[in-house]
Amino acid sequence: MKKRTSVLLACLTLIGIAFYACKPSDAKLQKEVNDKLATVSPGVIAEVKGGVATLSGEVMDDAAKAAAENAAKEVKGVKSVTNNVMVAPPPPPPPAVSINPDDLIRSSVDSALNAKGISGVTATVANGEVTLTGTVPKGDLQKIMQAANEAKPKKVINKLTLK
-8 MKKRTSVLLA CLTLIGIAFY ACKPSDAKLQ KEVNDKLATV SPGVIAEVKG
42 GVATLSGEVM DDAAKAAAEN AAKEVKGVKS VTNNVMVAPP PPPPPAVSIN
92 PDDLIRSSVD SALNAKGISG VTATVANGEV TLTGTVPKGD LQKIMQAANE
142 AKPKKVINKL TLK
């Protein structure tokens, strides 16, 4: 009877060792999780200890953070996931477009036209909009429009007559 107990105990020990050997190692799990994260959420890495995957890194939004966690959970052998991934703050809004005051726009347009030697053009400004009137040669039109736009108005209205 003692011999049977010894054989049974030996068999149970071998079965236990076999089950333990089948358990994936933390290093193997960590590699699998990181491989999966590289395709789902670049910038997120995992460290695995005792079957628990701890995620770290930075993503653009909460959806990417959740996707990283779900990807780690899908790896067979991972017991649980601790998600320490940070969501990056949104970028600052672009600076507001500055529109120069009417008097400054008018004087800027007049100065630019005089500097380019263009005459016969009247620039009136109201609410940030420049209205160009007068009769000019067709070849000067591009220079006139450039001079008007350099003053940074809200809009340029072309009512010029071409020769």
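Just so you know, our numbering puts 4 at position 13 of the sequence shown, and the rest follows in order with no gaps. By construction, the Cβ of each residue, glycine as well, lies at the ideal position given by its N, Cα and C atoms.
task: Using the Cα positions of PRO81 and LYS56, report the straight-line distance between them to the nearest angstrom.
output: Computed Cα separation, rounded: 15 Å.
task: Determine the burial state of GLN137: buried for a count of at least 16 other Cβ atoms within 10 Å of its Cβ, exposed for fewer.
output: Looking at its Cβ environment, which holds fewer than 16 other Cβ atoms inside 10 Å, GLN137 is exposed.
- prompt: Who are VAL72's beta bridge partners in DSSP?
  reply: ALA44
query: Do VAL43 and THR73 come within 8 Å of each other at the CB atom, strictly closer than that value?
result: yes
field: Cα-Cα separation between ALA114 and ASN140, rounded to whole angstroms
entry: 12 Å
- prompt: If you pair each beta-carbon of the region 61 to 77 with each one of the region 110 to 130, do three or more pairs fall below 8 Å?
  reply: no
CA nearest to the CA of LYS145, picked from LEU95, ALA18 and ASP26: Comparing C-alpha distances from LYS145 to each of LEU95, ALA18 and ASP26 shows the shortest one belongs to LEU95.
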